[in-house]
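Using my numbering, the first residue of the sequence shown is number 61, and each one after it goes up by one.
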Amino acid sequence: MRLATRIAVAVAVVVPLLVLASGWVMVRLVTGDVHAATDAHLRERAAAVRPEALSLLRAMANDRPASVEQARQRRLFTSALDVGIRVAGPDGTVSGGPQPAASATLPAPADAARPVTLTAGGRGWRALAVPLSSPRPAVRGTLWLFSADTAGRRQIAQVRRRVVTVALLTAPVAGIAAWLAAVRLARPLAALRRRAAGIDPRAGAARLDHTPTGVPEVDDLARTLRTLLARYDEQAARTAEALATARSFSAAASHELRTPLMGMRINLDVLAGDPAPDAAGRAEVLADLRDGHDRLLGLLVMLRTLAQGDLVEADAFVPADLADILDAAVRDLRRDHPGAEVSVDAPAPCPVQGWPPGLRSAVDNLLRNAVLHGAGRVEAALTRAPDGAAVRLTVADHGPGVPPDARSGVFARFRRRPGSPGSGLGLALVGQQAALHGGAAAVTDRPDGAPGAYFVLDLPTEVPALPRQRDWLGGEDGAAMGPGAPGAPQDFHKERS
């Protein structure tokens with residue numbers, strides 16, 4: 061059942077009930093007004109006839125002559141006017157005027173001290189009992205006054221009929237009017253439904269065009285739908301990015317792992333060949349196999365880390381101490397490269413807001429790059445900006461450095477110098493994490509003029525909103541951005557054609 065029909069049915073049922081309830085209240089009020097007028101008349105007549113009724117009661121008690129009693133009765137009935145009178149005493153009852161039959165049962169006088177309604181012979185009466193008492197002679201009685209309730213009952217019955225008639229007439233009229241009003245008021249909702257039904261997510265981003273209607277419920281619903289569609293678009297985009305990242309991971313792994321796997325296969329064929337290699341050759345082949353295995357494992361770890369960076373969400377960013385991360389990375393580096401000489405200059409603590417696994421990966425790769433490609437002592441230092449808004453990590457070595465013409469692509473994916481033992485992904489991870497944290501990564505000459513590479517990683521302490529698109533793993537040239545100057549933000553997303 062449509063909303064307009066439901067509203068019409070509800071109004072068609074509720075309105076007559078409201079009319080009946082109002083009519084019941086009106087009938088009660090009319091009844092009270094009618095009875096109040098009758099009761100006021102009874103009290104007025106009671107005050108007027110009471111002295112005559114008391115005189116008649118004394119005459120009846122003193123056994124006065126019949127003529128005296130009749131004279132008193134005439135005066136009593138004359139003063140009563142249109143009200144029925146009944147005087148009940150110990151010596152009998154005298155009655156006159158319109159009143160219930162003598163056989164009708166009357167309430168106790170105490171219960172009729174205020175006017176009450178009686179029904180006798182199919183007629184309604186208002187009755188009032190007034191006590192009579194005389195000290196000389198000592199006699200007690202009751203004065204009853206009666207007023208016909210016929211006119212009041214007719215008036216009340218007429219009000220009831222009119223209320224019922226109005227209720228029956230308002231049911232269809234109210235239902236039709238409510239249906240028309242509901243149809244008119246539901247037009248903005250129907251228009252919103254049509255626009256929402258026309259949205260096709262397969263044709264592009266889900267957008268809902270809505271012009272404010274002035275109906276708060278409809279406008280609130282439109283805003284809710286817009287928010288829902290925006291979240292749907294965001295999740296759909298993230299799903300597409302995750303699928304693209306998975307494809308890129310598969311393609312990159314297939315491409316980059318082919319060479320080490322082929323080398324390992326050749327070495328295995330050599331070991332299984334005839335004639336078998338001598339001890340020295342066998343040791344050399346096994347060393348090549350270990351190197352190939354290490355390179356293979358390193359490639360998989362690097363590719364997985366790049367993929368994680370492309371898919372990380374904002375809720376993964378938590379407060380972290382970069383000084384603790386640097387100390388842990390240096391301890392692991394000294395364990396893996398016992399001959400490496402590393403110095404650290406870092407204030408503690410050095411808090412930042414970031415993704416701890418990504419920060420650790422960036423620091424690890426800067427230190428390992430300096431050990432593998434540099435020479436002499438590796439110098440790592442942390443400094444904080446005077447306003448506390450940024451932190452800078454520098455890693456310097458005493459090797460050949462990076463030529464100026466090669467610095468623009470040093471953070472690109474799979475870029476490595478000839479003969480490099482690395483995977484070509486370490487510095488790409490550094491660039492990815494710099495962009496992911498809203499910072500910058502760069503390589504320059506050493507400030508002291510000595511030979512060697514000087515890597516700079518600038519990170520803000522408060523991370524801005526994450527970039528919408530991340531294609532470090534799937535960028536066409538292997539890099540989502542180029543390196544920028546220290547402290548300058550880098551472009552995270554490489555636009556595709």
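For glycine and all other residues, C-beta sits at the position ideal for the given N, C-alpha and C. Values in this document were obtained by computation on a predicted structure and should not be read as measured data.
Does the region 221-236 touch the region 65-84, meaning 3 or more C-beta pairs lie closer than 8 Å? With three or more CB-CB distances shorter than 8 Å, the region 65-84 counts as touching the region 221-236.
Should Thr-230 be flagged as near chain C, meaning a C-beta pair shorter than 8 Å? The displayed structure is made up of one protein chain only, and chain C is not part of it.
Considering Ser-421, what are the terminal residues of the beta strand (DSSP E) in which it resides? Taking the first residue of the sequence shown as position 1, residue 421 is located at position 361. Here Ser-421 belongs to no beta strand (DSSP E); instead the alpha helix (DSSP H) covers 416-433.
Ignoring anything shorter than 3 residues, give me the beta strand (DSSP E) runs that lie fully in the region 160-248, in order along the chain. Along the length of the region 160-248, whole beta strand (DSSP E) runs at least 3 residues long occupy 176-180, 183-195 and 198-208, reported in chain order.
Please classify Ser-82 as buried or exposed, where buried requires at least 16 other C-beta atoms within 10 Å of its C-beta. To locate residue 82, count along the sequence shown from 1; it is residue 22. Exposed, because fewer than 16 other Cβ atoms sit within 10 Å of the Cβ of Ser-82.
Do you know offhand how far Arg-247's Cα is from Pro-272's? By one-based count along the sequence shown, residue 247 stands at place 187. By one-based count along the sequence shown, residue 272 stands at place 212. If you draw a straight line from the Cα of Arg-247 to the Cα of Pro-272, it comes to about 13 Å.
Does the distance from the C-beta atom of Ala-172 to that of Ala-187 stay below 8 Å? Within the sequence shown, the letter at position 112 stands for residue 172. Within the sequence shown, the letter at position 127 stands for residue 187. It is a contact, given that the beta carbons lie within the stated cut-off.
Tell me the residue span of the alpha helix (DSSP H) that contains Leu-141. Looking up residue 141 in the sequence shown gives position 81. Run containing Leu-141: none; DSSP gives neither H nor E here.
Cβ-based neighbour list, Arg-88, same chain, cut-off 6 Å, excluding 5 preceding and 5 following: Taking the first residue of the sequence shown as position 1, residue 88 is located at position 28. Residues of the same chain with their beta carbon placed closer than 6 Å to that of Arg-88 are lacking, with the five preceding and five following residues left out of the count.
Apart from the five residues on each side of it in sequence, which residues of its chain come closer than 6 Å, Cβ to Cβ, to Phe-515? For the purposes of this step, residue 515 is taken as the residue at position 455 of the sequence shown. Excluding positions up to five away in sequence, the list reads Leu-426, Val-455 and Val-503.
Put Asp-151 into one of helix, strand or coil per three-state DSSP. Along the sequence shown, read from residue 1 onward, the residue named residue 151 stands at position 91. Correct three-state label for Asp-151: coil.
If I'm right that Ala-227 touches Val-109 with Cβ under 8 Å, what's the distance once you round it to whole angstroms? As a position in the sequence shown, residue 227 is number 167, starting the count at 1. As a position in the sequence shown, residue 109 is number 49, starting the count at 1. That pair is no contact at about 44 Å.
Sequence-distant residues of the same chain with beta carbon closer than 8 Å to Ser-376, five excluded per side: Along the sequence shown, read from residue 1 onward, the residue named residue 376 stands at position 316. According to the sequence shown, residue 376 is Ala rather than Ser. The residues are Trp-415.
By alpha-carbon positions, which one of Leu-419, Arg-325 and Gly-461 ends up nearest to His-433? For this step, residue 433 is matched to residue 373 along the sequence shown. Checking every option, the nearest Cα to that of His-433 belongs to Gly-461.
Quick one: is Thr-287 buried, meaning 16 or more other Cβ sit within 10 Å of its Cβ, or exposed? For the purposes of this step, residue 287 is taken as residue 227 along the sequence shown, with counting starting at 1. Exposed, since its Cβ has fewer than 16 Cβ neighbours within 10 Å.
Whether Gly-369 touches Gly-418 by CB criterion (8 Å): Looking up residue 369 in the sequence shown gives position 309. Looking up residue 418 in the sequence shown gives position 358. Less than 8 Å separates the beta-carbon of Gly-369 from that of Gly-418.
Go ahead and label Asp-153 buried or exposed: buried means 16 or more other beta carbons lie within 10 angstroms of its beta carbon, across all protein chains shown. Taking the sequence shown and counting its residues from 1, the one referred to as residue 153 is at position 93. Just to set this straight, residue 153 is Thr in the shown sequence, not Asp. Exposed, because fewer than 16 other Cβ atoms sit within 10 Å of the Cβ of Thr-153.
Based on Cα-Cα distance, which residue from Ala-500, Ala-513 and Asp-465 lies nearest to Ala-450? Walking along the sequence shown from the start, residue 450 turns up at place 390. Ala-450 has its Cα closest to that of Ala-500, out of Ala-500, Ala-513 and Asp-465.
Does the region 162-182 touch the region 129-141, meaning 3 or more C-beta pairs lie closer than 8 Å? No, the region 129-141 is not in contact with the region 162-182.
Alpha carbon of Asp-508 to alpha carbon of Leu-393, nearest angstrom: The residue labelled residue 508 in the question sits at position 448 within the sequence shown. The residue labelled residue 393 in the question sits at position 333 within the sequence shown. Across the structure, Asp-508 and Leu-393 are spaced so that their CA atoms are roughly 25 Å apart.
Using only the alpha-carbon positions, how far apart do Arg-420 and Met-322 sit? Here residue 420 is taken as the residue at index 360 of the sequence shown, counted from 1. Here residue 322 is taken as the residue at index 262 of the sequence shown, counted from 1. Straight-line spacing of the CA atoms in Arg-420 and Met-322 works out to 32 Å.
Taking Ser-155 as the reference, which of Gly-181, Leu-117, Ala-180 and Pro-335 has the closest Cα? Sequence index remark: in the sequence shown, residue 155 carries index 95 (1-based). It is Leu-117.
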